[in-house]
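Novice: Sequences listed follow chains A and B, in order. In terms of my numbering, the first sequence opens at residue 2 and continues consecutively. In terms of my numbering, the second sequence opens at residue 2 and continues consecutively. Glycine included, C-beta positions come from ideal geometry on N, C-alpha and C. As the structure is a computational prediction, the values presented were derived from the model and not from experiment. Following this message is one structure expressed as structure tokens.
Protein chains: 2
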Amino acid sequence: MVTKRTGLVAALKDAGFRMTPQRTAICEALSTRFDHPTAHSLYEEVKADYSSLSLTTVYQTLDTLLRIGAITSLGSAGDDTIHFEVNTNPHINLACLTCHRICDLNSSAIEALEAEVQQAIGSKVLSGRVVYYSECLEQSDPADCRFNTPSSNKKGHVHE
Amino acid sequence: MVTKRTGLVAALKDAGFRMTPQRTAICEALSTRFDHPTAHSLYEEVKADYSSLSLTTVYQTLDTLLRIGAITSLGSAGDDTIHFEVNTNPHINLACLTCHRICDLNSSAIEALEAEVQQAIGSKVLSGRVVYYSECLEQSDPADCRFNTPSSNKKGHVHE
DNA sequence: AGACTACTAAGGAATGGTTCCGGTTTTTGG
DNA sequence: CCAAAAACCGGAACCATTCCTTAGTAGTCT
């Protein structure tokens, strides 16, 4: 379902960036996760093995990866924090506004959509974001997130 | 090109919310703008005619409109502020990461895309966000924003 | 291998969009 | 017109993200 991932480390190297243990660890954490992590969740994960890690370093590495197009940003899932996408194959994202998780959804229409964008603006699309918001089952296991049973709204947030 | 807009004021009333001069003014500002305004830009615009207006009221009104589905949120356009969408007809948004403007793009593929989402999660899609990022001409008039001439990257921001 | 240089990490402070709080005013239904 | 509920307002608070400065390190060239 989810397509294979070419190495983020290799992408950084190819783009001429230096490799550091921190970057390597962040890239590896990214490439082994399929839950659209936030900067903070990556920080927590990598910090476990690399206690001196700075949150700033995580942000800076994510920024670098964004700029070379190795990852994309999905924005928030109702939690006002940025979720990142490592799967750069065109697909739809489904975000739950209650549990703040994001699932990938394969799409056959998305290719046509991107073709329209390419034609409209030329060949320089930097990144795209296709996210639909709903309410899922709020299962404890993200794998169970299937968006079948909506629940009621929480209190006021403009969200993002 | 851009489809007509049903009244936001009417939508609020129908949903059982009280009408105030502030809300009316904010709704009217929203419905006469096609540039995907931010909370702050709406605040500035409405404040001109309503000097006691509070930014909090703008946020609260936007939140209310979001919750009844009368508008949607597009997230940032590289400026770390939330842009709102008043055109609720399915379409693609093109955001320029340099000038931070967002243009609508009609799409024939988007219907199929939304159908896929509906089928995947049932009928309870709360909102969607289809945004592609690029660099436009940086024309002073938003109407000239046609995304034809990409320019080089600015310095580091993770953006949103 | 050694040294140089530009790039990178760290961490603490700053930023700024958005939200919260409480007190006051306004709208709406009866 | 009154009372209750809803909405407004200003300022303070929040917190994800960014900035700044110093120290450390990867890559390069000899």
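1) Are N94/A and I103/A closer than 7 angstroms when you measure CB to CB?
2) Show which residues of chain B have a CB atom less than 8 angstroms away from the CB atom of G76/A.
3) If you follow the beta strand (DSSP E) that A16/B is part of, which residue opens it and which one closes it?
4) Using C-beta distances below 7 angstroms, list every residue in its chain close to K14/B, excluding the 5 sequence neighbours before and after it, in chain order.
5) For P38/A, is the classification buried or exposed, using 16 other Cβ atoms within 10 angstroms of its Cβ as the cut-off for buried?
6) Could you give the C-beta distance for V132/B and G79/B, rounded to a whole number, given that I count them as a contact under 8 angstroms?
7) For I72/A, would you say it is in contact with chain B, using Cβ-to-Cβ distances shorter than 7 angstroms as the test?
8) For a test of the three-state rule: what should DSSP assign to R68/B, helix, strand or coil?
9) Is the beta carbon of L54/A sitting closer than 7 angstroms to the one on V47/A?
10) Which residues does DSSP pair with K86/B in a beta bridge?
11) Compare the C-beta of S135/A with all C-beta atoms of chain B and state if any pair is closer than 7 angstroms.
12) Where does S52/B land, buried or exposed, given buried means 16+ other C-beta within 10 angstroms?
13) Which residues share a DSSP beta bridge with S134/B?
Specialist: A quick look at the data gives this:
1) For the purposes of this step, residue 94/A is identified with residue 93 of the first sequence, where counting begins at 1. For the purposes of this step, residue 103/A is identified with residue 102 of the first sequence, where counting begins at 1. Against a cut-off of 7 angstroms, the Cβ pair of I103/A and N94/A comes out as a contact.
2) Counting from one through the first sequence, the residue named residue 76/A turns up at place 75. Ordered by position in chain B, the residues that pass the 8 angstroms Cβ test against G76/A are G76, S77, R130 and E161.
3) What you label residue 16/B is simply residue 15 of the second sequence in a count that begins at 1. Segment: none, A16/B is in no beta strand (DSSP E) and carries neither H nor E.
4) If you number the second sequence from 1, residue 14/B lands on position 13. Excluding sequence neighbours, K14/B sits near M20.
5) In the first sequence, residue 38/A corresponds to position 37, counting from 1. It is buried - the Cβ of P38/A has at least 16 other Cβ atoms within 10 Å.
6) Position 131 of the second sequence, counted from the start, is the residue given in the question as residue 132/B. Position 78 of the second sequence, counted from the start, is the residue given in the question as residue 79/B. Actually they do not touch by this definition, with Cβ atoms about 11 angstroms apart.
7) Residue 72/A sits at position 71 when you count from the first residue of the first sequence. No - not a single Cβ of chain B is within 7 angstroms of the one on I72/A.
8) On the second sequence, position 67 is the one that residue 68/B refers to. Helix, per DSSP.
9) As a working note, residue 54/A is residue 53 in the first sequence. As a working note, residue 47/A is residue 46 in the first sequence. The answer is yes: Cβ separation under 7 angstroms.
10) To locate residue 86/B, count along the second sequence from 1; it is residue 85. According to the sequence shown, residue 86/B is Glu rather than Lys. T73/B, per the DSSP bridge assignment.
11) Taking the first sequence and counting its residues from 1, one reaches residue 135/A at position 134. Yes - at least one Cβ of chain B is within 7 angstroms of the one on S135/A.
12) Reading the second sequence from its first residue, position 51 is the one you call residue 52/B. Exposed.
13) Locating residue 134/B in the second sequence gives position 133, where the first residue counts as 1. The displayed chain sequence assigns Tyr, not Ser, to residue 134/B. Looking at the DSSP assignment, Y134/B forms a beta bridge with S128/A and A96/B.
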